[in-house]
Amino acid sequence: MTETPSNTANHQRLAEMFVHLTPIGARIPYSICIDNQQNIWVASKGGLFKMDRFGELLFQEKNDFAKKAEPFCQVSFHENKIIYAYSEYMSGLTLLKILTLNGETVSEQFVDGRIQSLSVNDIGEMFLTKRVRGNDSIIYSSDISCPNCWSEMICEDEYIFQTVCALSSDLLVVSTCTLPINMYSRQSLRLINVIEGKVTKSFSKEGKEDGQIFFPLSIQKYGSDILVLDKTGRVQQFTQDGEFVRVAAKIDAYLGNAFVVDGNIALIACSGIVLDRVCSFKKFNGFYKL
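Rendered as structure tokens:
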């Protein structure tokens, strides 16, 4: 079955990009964040990159083996620190680094397994999901002050945890799906009580209609609500009660890998832009405002 014709393709040209990432080596971006100086950080297979509000490169930590890099590298910001994580192809380990805003390494350690998603809450607790090996899927937790001590927060064998987002000091939202992972996998969004380590609510289901999800790639807090970017290119808004609010923004399917909210604008990291096989940032205005 073919996809319906795009009505947004003309807004996804190289000339309209906010930043073209391929020339600086940031191939296939998977995660972005904005620090308290309003600079933009992007984690990609090509490494970690920092840019100012005008797209000028300020810092880079390149990965010389980008073609062999594992997917789902992550970057987050918390209290003047950057948390950067990426997986190594040969070892099957994840390197977790904490850096200053100048790019200086404060600490680094290896975590067993390959990272899937990372989120940090307001009090510095980190939450990590990994790509599944075996039957159990686990959300791990640690503290930014002691990042080498990880503990299991919740474990499931009926479904796997994928994209995670910290909503508060005691609440997470995470996307889940059943194995094997394919277009027929059952999917949902689940709220998790951090203190109890239990799922408190499940909502949404697999699909491409409004209010349904199709393999979420990035989840962000938006006020008291939740924004979810999935493979359909939609950024959908839900309340914490699980009610669908609206489609807040939309691009073509399978282009967006991650996004961050900048005021009322979605800054989306894309790969495979229309007509050009490149990786890029795209800043959406007008009817793409949230």
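Its first residue numbered 1382, the sequence shown is counted upward by one per residue in my numbering. C-beta: ideal position from N, C-alpha, C; glycine also. Note that this is a predicted model, so its numbers are computed, not measured.
Taking three-plus beta-carbon pairs below 8 Å as touching, is the segment 1487-1507 in contact with the segment 1521-1533? yes
Helix, strand or coil, according to DSSP, for T1544 in the structure here? Three-state DSSP puts T1544 in a strand.
Rounded C-beta distance between E1587 and R1567? I'm assuming under 8 Å. About 6 Å separates the beta carbons of E1587 and R1567, which is inside the 8 Å limit, making them a contact pair.
Going straight from the alpha carbon of P1561 to that of Y1540, what length do you get? 10 Å
T1620 in three-state terms, based on DSSP: coil
Rounded C-alpha distance that separates G1667 from G1644: With a pLDDT of only 27 at G1667, under the threshold of 50, the placement of this residue in the model should not be trusted; the figure read from the coordinates follows. Their Cα atoms are separated by approximately 14 Å.
If contacts are defined as beta-carbon pairs under 8 Å, then F1596 and V1545 qualify, I think. What distance do you get, rounded to the angstrom? Contact flag wrong, Cβ pair sits at about 14 Å.
For C1454 and E1624, what's the separation of their Cα atoms in angstroms? 30 Å
Mapping DSSP to helix, strand and coil, what is A1447? helix
Can you look up P1404 in the DSSP assignment and give me helix, strand or coil? helix
Rank M1398, Y1467, V1501 by C-alpha distance to the C-alpha of R1512 and give the top, closest one. Y1467
Sufficient close CB pairs (3 or more, under 8 Å) joining the segment 1576-1584 to the segment 1598-1616: no
DSSP-derived helix/strand/coil call for E1469: coil
Go ahead and pull the three-state DSSP assignment for F1453. coil
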